[in-house]
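Colleague: Right, I'll just put the structure down here and ask away after.
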Amino acid sequence: MIADQNQRTWMAVQRHLQANGLPSVVIPRGRGFPHPREAGARLTSTWPVGQIADYTFEGVPGEPVLAVREFADRWEAFVDVAPSVNLAAPAGEQTQAVATVLGAALLGGALGAAVSNRREGALIGAGIAVLLVAALHDTGETKNYAVKGTSPMPCFKGCLNRNVQRHPRRLLFTGRGLAGGPELKSATPVFGPADMVAEYREMVGLTNLRSAPALEFYDDLHGVGGIFSAADWTILVGVRDMDQIAGAVLGRWSAQVAAIYTQSYGSIPSAQTLPVYAREVATRRCIAHELGHALIYSGARNPYAPDDEAGADYWAGRLDAARGRSLELGEMFFWTIGCTSSSCDHPSPDVRAAAYRAGYESQLAGR
Ligand SMILES: [Zn+2]
881 MIADQNQRTW
891 MAVQRHLQAN
901 GLPSVVIPRG
911 RGFPHPREAG
921 ARLTSTWPVG
931 QIADYTFEGV
941 PGEPVLAVRE
951 FADRWEAFVD
961 VAPSVNLAAP
971 AGEQTQAVAT
981 VLGAALLGGA
991 LGAAVSNRRE
1001 GALIGAGIAV
1011 LLVAALHDTG
1021 ETKNYAVKGT
1031 SPMPCFKGCL
1041 NRNVQRHPRR
1051 LLFTGRGLAG
1061 GPELKSATPV
1071 FGPADMVAEY
1081 REMVGLTNLR
1091 SAPALEFYDD
1101 LHGVGGIFSA
1111 ADWTILVGVR
1121 DMDQIAGAVL
1131 GRWSAQVAAI
1141 YTQSYGSIPS
1151 AQTLPVYARE
1161 VATRRCIAHE
1171 LGHALIYSGA
1181 RNPYAPDDEA
1191 GADYWAGRLD
1201 AARGRSLELG
1211 EMFFWTIGCT
1221 SSSCDHPSPD
1231 VRAAAYRAGY
1241 ESQLAGR
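The sequence shown finishes on residue 1247 if you use our numbering, and the numbering steps up by one all the way, no holes.
This is the structure in structure tokens:
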């Protein structure tokens, strides 16, 4: 009964958000709001922004649901549409193992070397648990993606000859690992950040695509970064992958990125803010690149044909210029994801940054 009352309290928040068209609401803790756990919500994961945990209330698939981020001092509630592959941790699966997996995924947002190192450990243990859960609970059709040729990232972990299978609640990566041995990894869907989803819609609005590819976020695409799947018209983005790229960009250009941040926001970024900002910078470019693949697939001109990767970088440049995004940040991003290994299936740093810049300049010149 208490749980019912508690749930009604949160459902009233959802109605309030939807009725007023609000993106989110912040509720300070200590005001008697029930913990989502005590209100029938299930543990899930959303875009990491330093929260303790994420919860979502059961809803009809494809319909808007209420998600709540737990912070030490507040709740942040927002309404979103559940990813098409369904949320993690279905009812009855809220075991310690799943909680560990999701906790590990959420740590993706907690930055700093110490945390990253711990996270590595947590993910290794958690990966096994998630695979077991997948084996026990996945039903329905699976789809195979060949990763080769669709990713914007260099093969940090040996992505050649890797396959991605789409299961109802997660992706499974099978193939050959860096050392040549077989690997089996998984990715769990997470809620996308509302501002990134809004920006994606804006990007699509600049194109003449008849239908926008679905946009899905995952905790970790294991170095692939992003995927465009023409077969099911979907763009997939890995949160941890974006953190890795952001880390590489900051490793080389942190002063420059901080200066651009200061120009945009009028304040100097803190040690916590800068990586979060860099992740957003990376995510925008990754999405633009994958959308570039969708455009080329739909018949848009590719001046780099038959190299679709440089072509997608070119279109990312055009989209960035059209939206007034920073050319400098874009160049840093595309340079960073350029391939430098001996078995490249993506262009080199210089080629990628140049293709992006060419697109940017073409757009500004109205060509
Ligand atoms: Zn690509």
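Beta carbons: idealized from backbone N, C-alpha and C, even for Gly.
Between the alpha carbons of residue 883 and residue 890, how many angstroms are there, rounded?
Modeller: Distance between the alpha carbons of residue 883 and residue 890: 11 angstroms.
Colleague: Return the CA-CA distance between residue 924 and residue 955, expressed in angstroms with no decimal places.
Modeller: Approximately 15 angstroms, taken between the alpha carbons.
Colleague: Taking buried to mean at least 16 other C-beta atoms within 10 Å of its own C-beta, is residue 916 buried or exposed?
Modeller: The residue in question, residue 916, is buried, as its Cβ has 16 or more Cβ neighbours within 10 Å.
Colleague: Looking at residue 1240 and residue 1201, is the spacing between their C-beta atoms short of 8 angstroms?
Modeller: Contact: yes.
Colleague: Please report the residue range of the alpha helix (DSSP H) in which residue 918 lies.
Modeller: Neither: residue 918 is in no alpha helix (DSSP H) and is coded neither H nor E.
Colleague: Entirely within the region 1065–1141 and at least 3 residues each: give me those beta strand (DSSP E) ranges in chain order.
Modeller: 1094–1098, 1106–1109 and 1114–1118
Colleague: Three or more beta-carbon pairs under 8 angstroms between the region 1135–1150 and the region 1106–1124, yes or no?
Modeller: no
Colleague: Taking the alpha carbon of residue 1108 as the point to measure from, which residue in 1046, 914, 935 and 1169 has its own alpha carbon closest?
Modeller: 1169
Colleague: What is the rounded straight-line gap between the Cα of residue 910 and the Cα of residue 960?
Modeller: 25 angstroms
Colleague: Is residue 1173 near ligand 1, going by C-beta to nearest heavy atom under 7 angstroms?
Modeller: yes
Colleague: Rounded C-beta distance between residue 1233 and residue 1211? I'm assuming under 8 angstroms.
Modeller: 5 angstroms
Colleague: Please state if the CB of residue 1206 and the CB of residue 1219 are separated by a distance shorter than 8 angstroms.
Modeller: no
Colleague: Can you check whether the CB of residue 932 is closer than 8 angstroms to the CB of residue 952?
Modeller: yes
Colleague: Is the beta carbon of residue 1168 within less than 7 angstroms of some heavy atom of ligand 2?
Modeller: Ligands displayed in this structure: ligand 1; ligand 2 is not among them.
Colleague: Across which residues does DSSP place residue 1176 in a beta bridge pair?
Modeller: Bridge partners of residue 1176: none, in fact.
Colleague: Ordered along the chain, which non-local residues of its own chain (more than five positions away) have a Cβ less than 6 angstroms from that of residue 1159?
Modeller: 1122, 1123 and 1126
Colleague: In angstroms, rounded to a whole number, what distance separates the CA positions of residue 897 and residue 914?
Modeller: Each residue's CA atom was taken as its position, placing residue 897 and residue 914 some 18 angstroms apart.
Colleague: How about residue 1214 and residue 1184: do their beta carbons lie closer than 8 angstroms?
Modeller: no
Colleague: Assign residue 886 to one of two classes, buried (16 or more other C-beta atoms within 10 Å of its C-beta) or exposed (fewer than that).
Modeller: buried
Colleague: So, at 6 angstroms on beta carbons, what are the nonlocal neighbours of residue 1092 in its own chain, with the 5 sequence-adjacent residues on each side left out?
Modeller: 1084
Colleague: Report the rounded CA-to-CA distance for residue 945 versus residue 1221, giving the unit in angstroms.
Modeller: 43 angstroms
Colleague: Whole angstroms are fine: how far does the CA of residue 920 sit from the CA of residue 900?
Modeller: 25 angstroms
Colleague: For ligand 1, is there a heavy atom less than 7 angstroms away from the beta-carbon of residue 918?
Modeller: no
Colleague: Roughly how many angstroms lie between the CA atoms of residue 1077 and residue 908, to the nearest whole one?
Modeller: Using only the alpha carbons, I get a separation of about 26 angstroms.
Colleague: If I'm right that residue 1217 touches residue 1105 with Cβ under 8 angstroms, what's the distance once you round it to whole angstroms?
Modeller: 7 angstroms
Colleague: How long is the line joining the alpha carbons of residue 1199 and residue 1071, rounded to whole angstroms?
Modeller: Straight-line Cα distance between these residues: approximately 24 angstroms.
Colleague: In whole angstroms, what is the alpha-carbon distance linking residue 1226 and residue 936?
Modeller: 38 angstroms
Colleague: Per DSSP, residue 1144 is paired with what?
Modeller: Looking at the DSSP assignment, residue 1144 forms no beta bridge with any residue, so it has no partner.
Colleague: Compute the minimum distance between the beta carbon of residue 1241 and the heavy atoms of ligand 1, and state whether it is under 7 angstroms.
Modeller: No, Cβ of residue 1241 sits at least 7 angstroms from all heavy atoms of ligand 1.
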